[in-house]
Amino acid sequence: MGFLEVIESELKNPPLQLGPMPEGLTPQQVVRRHVMGSIVQSENSYIDSLKRILQDYRNPLMEMEPKVLSPKKCQLIFFRLKEILQCHTIFHIALSSRVAEWDTVEKIGDIFVASFSKSMVLDVYSDYVNNFINAMTLIKKACLSKPSFLDFLKRKQIASTDRVTLYGLMVKPIQRFPQFILLLQDMLKNTPKGHADRLSLQLALTELETLAEKLNEQKRVADQLAEIQQLTKSVSDRSSLHKMLTSGQRQ
Numbered sequence: 027m028g029f030l031e032v033i034e035s036e037l038k039n040p041p042l043q044l045g046p047m048p049e050g051l052t053p054q055q056v057v058r059r060h061v062m063g064s065i066v067q068s069e070n071s072y073i074d075s076l077k078r079i080l081q082d083y084r085n086p087l088m089e090m091e092p093k094v095l096s097p098k099k100c101q102l103i104f105f106r107l108k109e110i111l112q113c114h115t116i117f118h119i120a121l122s123s124r125v126a127e128w129d130t131v132e133k134i135g136d137i138f139v140a141s142f143s144k145s146m147v148l149d150v151y152s153d154y155v156n157n158f159i160n161a162m163t164l165i166k167k168a169c170l171s172k173p174s175f176l177d178f179l180k181r182k183q184i185a186s187t188d189r190v191t192l193y194g195l196m197v198k199p200i201q202r203f204p205q206f207i208l209l210l211q212d213m214l215k216n217t218p219k220g221h222a223d224r225l226s227l228q229l230a231l232t233e234l235e236t237l238a239e240k241l242n243e244q245k246r247v248a249d250q251l252a253e254i255q256q257l258t259k260s261v262s263d264r265s266s267l268h269k270m271l272t273s274g275q276r277q
């Protein structure tokens, strides 16, 4: 079975959830179990949002005839979303096995470290975050210039049960690591010293905080470059206008 087939089969499974709470748990175990439930629920919701962007928006726009948006613009708008879904499908597989054995193992930090310390994760998220403003600008311009595209977005939003806009879905990858950090901070706060999960949780938090800082820094650099390019273009445009005016005066 190929990698994409694994992803498809994994995502067809029903949403993950913890089984009934066993009796005799300590107050800390109960809280940790609730936090684990929140991690599972939020990841189910996140993967669902990524699938919706691809299945409800990207794929129909790519296949639509006549084209509302060119394939190139579609690729720019939905840049790296497939790869982000792949990263989280791998995490989802690991999370599934941990959910099944939670009440005997009670560990989660190690799978965060294994899933999100890979360079691929930083690469795909960096590309997505740095491209986000560009993607939103393309969507805005298309809404203004192509009534059929605006109509498509409105129909998709109305057809969805939660009425979340395309922007509301596409901003979720920007918010994902800050959400993970908050959830793991809650888990660590309720993990006693000497617990098998404590060290791996601390490592996972360090990894995710470093990842979030790197993404913020790369976004800042990308924004600065975009500003410089815009300034250069503005200067170039003014220079061209000046040449046109002065050449007109000479005639």
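According to my numbering, numbering within the sequence shown proceeds without interruption in unit steps and concludes at 277.
Note that the Cβ used here is the ideal one computed from N, Cα and C, for glycine as well.
As the structure is a prediction and not an experimental result, all values here were calculated from the model.
Quick check on the DSSP output: the alpha helix (DSSP H) that includes L179 runs from which residue to which? By one-based count along the sequence shown, residue 179 stands at place 153. P173 to A185 is the extent of the alpha helix (DSSP H) around L179.
In whole angstroms, what is the alpha-carbon distance linking V61 and N242? Numbered from 1 along the sequence shown, position 35 holds the residue referred to as residue 61. Numbered from 1 along the sequence shown, position 216 holds the residue referred to as residue 242. Straight-line Cα distance between these residues: approximately 26 Å.
For a test of the three-state rule: what should DSSP assign to V3, helix, strand or coil? One cannot answer for residue 3 here, as it falls past the ends of the chain, which runs 27 to 277.
Secondary structure of Q101, DSSP reduced to three states: Position 75 of the sequence shown, counted from the start, is the residue given in the question as residue 101. Residue state, collapsed to three classes: helix.
Verify whether the separation of the beta carbon atoms of F142 and C113 is less than 9 Å. What you label residue 142 is simply residue 116 of the sequence shown in a count that begins at 1. What you label residue 113 is simply residue 87 of the sequence shown in a count that begins at 1. A contact, by the Cβ cut-off of 9 Å.
Between the segment 47–55 and the segment 72–84, do at least 3 Cβ pairs fall closer than 8 Å? no
Taking all protein chains shown into account, decide if P199 is buried (16 or more other Cβ within 10 angstroms of its Cβ) or exposed. Counted from its first residue, the sequence shown places residue 199 at position 173. Buried.
Through-space distance from E132 to A126, alpha-carbon basis: Within the sequence shown, numbered from 1, the residue matching residue 126 stands at position 100. Within the sequence shown, numbered from 1, the residue matching residue 132 stands at position 106. Their backbone Cα atoms lie some 10 Å apart in a straight line.
Under the three-state reduction of DSSP, which class applies to D129: helix, strand or coil? By 1-based counting over the sequence shown, the position of residue 129 is 103. It is helical.
Among residues of its own chain, excluding the 5 on either side of L148, which ones have a beta-carbon nearer than 8 Å to its beta-carbon? Numbered from 1 along the sequence shown, position 122 holds the residue referred to as residue 148. If we look at L148 and ignore the five residues flanking it on each side, its Cβ neighbours are L237, K240 and L241.
So E233 and I207 are in contact, right, with Cβ under 8 Å, and what is the actual spacing, rounded? Locating residue 233 in the sequence shown gives position 207, counting from the first residue. Locating residue 207 in the sequence shown gives position 181, counting from the first residue. 10 Å between Cβ atoms; not a contact.
Looking at chain B, is there any beta carbon in it that lies within less than 9 Å of the beta carbon of K167? Considering every chain present, this structure includes no chain B. It has just one protein chain.
Cβ-based burial, V247 [other Cβ within 10 Å; buried from 16]: Here residue 247 refers to the residue found at position 221 of the sequence shown. It is exposed - the Cβ of V247 has fewer than 16 other Cβ atoms within 10 Å.
Go to E91, then tell me how far its alpha helix (DSSP H) extends in each direction, as first and last residue. If you number the sequence shown from 1, residue 91 lands on position 65. E91 -> no alpha helix (DSSP H), and no H or E assigned at all.
What are the boundary residues of the alpha helix (DSSP H) that includes S141? Along the sequence shown, read from residue 1 onward, the residue named residue 141 stands at position 115. Start and end: G135 to F142.
Please determine, among Q250, I134, M47 and K245, the residue with the shortest C-alpha to C-alpha distance to V150. What you label residue 150 is simply residue 124 of the sequence shown in a count that begins at 1. Comparing Cα-Cα distances from V150 to each of Q250, I134, M47 and K245, the minimum goes to K245.
Does the distance from the CB of L44 to the CB of G135 come in under 9 Å? Translated into positions along the sequence shown, residue 44 becomes position 18. Translated into positions along the sequence shown, residue 135 becomes position 109. No, the Cβ-Cβ distance between L44 and G135 is not below 9 Å.
Go ahead and label R58 buried or exposed: buried means 16 or more other beta carbons lie within 10 angstroms of its beta carbon, across all protein chains shown. Taking the sequence shown and counting its residues from 1, one reaches residue 58 at position 32. Classification for R58: buried.
DSSP on H118, reduced to helix/strand/coil? Counting from one through the sequence shown, the residue named residue 118 turns up at place 92. It is helical.
On a CA-only basis, which of M90, F138 and F117 is nearest A230? Give me that one, please. Position 204 of the sequence shown holds residue 230. Nearest option by C-alpha distance: F138.
Stretch pair the segment 162–176 + the segment 92–102: three plus CB contacts closer than 8 Å: yes
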